[in-house]
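The structure under discussion appears below in the form of structure tokens.
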Amino acid sequence: MPLSLGKQLLLALVLILATGAGIHNIAEARNEAAVGGGAIRLEASRLNEMTDFGRILGVTERLGRGELAERLREVQRKGGLWAAPHLGADHWALYVDTFGVVRRIYVRESALHSPESQLFPRGDASIPPEKRRAFANVSLVGALFHELQHWEGVEDEALAYEREIAWLEALQHSLPRQVGEGERDAIAWGVESALLSARKARALAAGQP
């Protein structure tokens, strides 16, 4: 007996949903593979990660970039920010988009916990602690800004670096007044160091020697 029109439509809907779920699972698996697996969504139930993320947002706001902090909060609320414990040491953060189905910004989990340890794993007595800290914080916030460009539609890596460099240059010339003089010097050094790194990365992305 042939199926009624209603049952045919229901069967078609079930097949569409099953196909969609399958594609989503494949996309999610590919995303996980790109960052080494074990990624954890930044959400309220993960208090340690959210505390670290909140600290980074606080640093962002203290730098006078509250608008950037709010954009990152919005990505987090949409489920687009994840902590990646096995993300490679060559990335502070990484945007991964598979099929346009699973789009996420992954942040190296150890960088969330201690940005300074990523740049100075053994410490460096020749650089004052406040400068090491400033360089690490600015580098992480700059990386998040960079990956946010990809989240918002920028596909070209060199262009994303150009925007990150412009952001750092603007930061260099417009530190908020509430930053004290001693801290201002440390942040200025950190921004300049982050700029040097970003310019080298842009050159590589653009295929320049």
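Using this note's numbering, read the sequence shown as starting at 294 and increasing by one per residue. The beta carbon of each residue, even a glycine, is placed where N, CA and C say it ideally should be. As the structure is a computational prediction, the values presented were derived from the model and not from experiment.
Between Glu409, Glu354, Leu461 and Val395, which lies nearest to lysine 371 when the distance is taken from Cα to Cα?
-> By 1-based counting over the sequence shown, the position of residue 371 is 78. If we check each option's Cα against that of lysine 371, Val395 comes out closest.
Is it the case that the Cβ atoms of serine 486 and serine 432 are separated by a distance below 9 Å?
-> Translated into the one-based positions of the sequence shown, residue 486 becomes position 193. Translated into the one-based positions of the sequence shown, residue 432 becomes position 139. In this structure, serine 432 lies closer than 9 Å to serine 486 by Cβ.
Have a look at alanine 311 and alanine 320 and give me their C-alpha separation to the nearest angstrom.
-> Here residue 311 refers to the residue found at position 18 of the sequence shown. Here residue 320 refers to the residue found at position 27 of the sequence shown. Low confidence applies to alanine 311: its pLDDT is 48, below 50, so where it sits in the model is not reliable enough to give any reading.
Using only alpha-carbon positions, find the residue among Asp478, Thr353 and Ser407 that is nearest to phenylalanine 438.
-> One-based indexing of the sequence shown puts residue 438 at position 145. Here the closest residue by C-alpha is Thr353.
With tryptophan 460 and valine 368 assumed to form a contact (beta carbons below 8 Å), what rounded beta-carbon distance in angstroms separates them?
-> Looking up residue 460 in the sequence shown gives position 167. Looking up residue 368 in the sequence shown gives position 75. Contact between tryptophan 460 and valine 368 fails: their C-beta atoms lie close to 16 Å from each other, not under 8 Å.
According to the Cβ coordinates, are glycine 347 and leucine 380 closer than 9 Å?
-> On the sequence shown, position 54 is the one that residue 347 refers to. On the sequence shown, position 87 is the one that residue 380 refers to. No, the Cβ-Cβ distance between glycine 347 and leucine 380 is not below 9 Å.
Quick check: the stretch 399-408 against the stretch 355-362, are there 3 or more CB pairs under 8 Å?
-> Segment contact: the stretch 399-408 against the stretch 355-362, fewer than three CB-CB distances shorter than 8 Å; contact not assigned.
Alanine 505 and arginine 334: beta carbons closer than 9 Å?
-> Only positions 294 to 502 of the chain appear in the structure, and residue 505 is not among them; the question remains open.
Residues bridged to alanine 376 (per DSSP) | As a first step, residue 376 must be located in the sequence shown, where it is residue number 83. For alanine 376, the beta-bridge partners assigned by DSSP are Ile333 and Val400.
Provide the residue(s) that pair with leucine 387 in DSSP beta bridges, ordered along the chain.
-> What you label residue 387 is simply residue 94 of the sequence shown in a count that begins at 1. For leucine 387, which the question treats as bridged, DSSP gives the partners Tyr399.
Look at the Cβ atom of asparagine 430, then the Cβ atom of glycine 473, and state whether they are nearer than 9 Å.
-> Against the sequence shown, residue 430 aligns to sequence position 137. Against the sequence shown, residue 473 aligns to sequence position 180. The criterion of a C-beta distance shorter than 9 Å is not satisfied by asparagine 430 and glycine 473.
If you draw a straight line from the C-alpha of glycine 315 to the C-alpha of alanine 499, how long is it?
-> For the purposes of this step, residue 315 is taken as residue 22 along the sequence shown, with counting starting at 1. For the purposes of this step, residue 499 is taken as residue 206 along the sequence shown, with counting starting at 1. If you take the alpha carbons of glycine 315 and alanine 499, they lie about 36 Å apart.
The alpha helix (DSSP H) spanning proline 422 covers which residue range?
-> As a position in the sequence shown, residue 422 is number 129, starting the count at 1. Going by DSSP, proline 422 is part of the alpha helix (DSSP H) stretching over 422-444.
By Cβ distance, which residues of its chain are closer than 7 Å to asparagine 324, with the 5 residues on each side in sequence left out?
-> The residue labelled residue 324 in the question sits at position 31 within the sequence shown. The residues are Val389, Thr391, Val395 and Arg397.
Where does glycine 483 fall in DSSP's three states?
-> For the purposes of this step, residue 483 is taken as residue 190 along the sequence shown, with counting starting at 1. Reduced to three states, the DSSP call for glycine 483 is helix.
Hey, alanine 386 and alanine 451 are a contact pair by Cβ (cut 8 Å); roughly how many whole angstroms apart?
-> Taking the first residue of the sequence shown as position 1, residue 386 is located at position 93. Taking the first residue of the sequence shown as position 1, residue 451 is located at position 158. Not a contact, Cβ separation roughly 18 Å.
Alanine 496 versus Ile458, Asn341 and Arg366, residue with shortest Cα-Cα distance | Within the sequence shown, numbered from 1, the residue matching residue 496 stands at position 203. For alanine 496, the nearest C-alpha among the options comes from Ile458.
CA-CA distance, leucine 374 and arginine 366?
-> For this step, residue 374 is matched to residue 81 along the sequence shown. For this step, residue 366 is matched to residue 73 along the sequence shown. The C-alpha of leucine 374 lies about 9 Å from the C-alpha of arginine 366.
Status (buried if at least 16 other CB within 10 Å, exposed otherwise) for alanine 418 | Here residue 418 is taken as the residue at index 125 of the sequence shown, counted from 1. Classification for alanine 418: exposed.
Exposed or buried, which one is leucine 489 when buried takes at least 16 other CB atoms within 10 Å?
-> The count along the sequence shown starts at 1 and reaches residue 489 at position 196. Leucine 489 comes out exposed.
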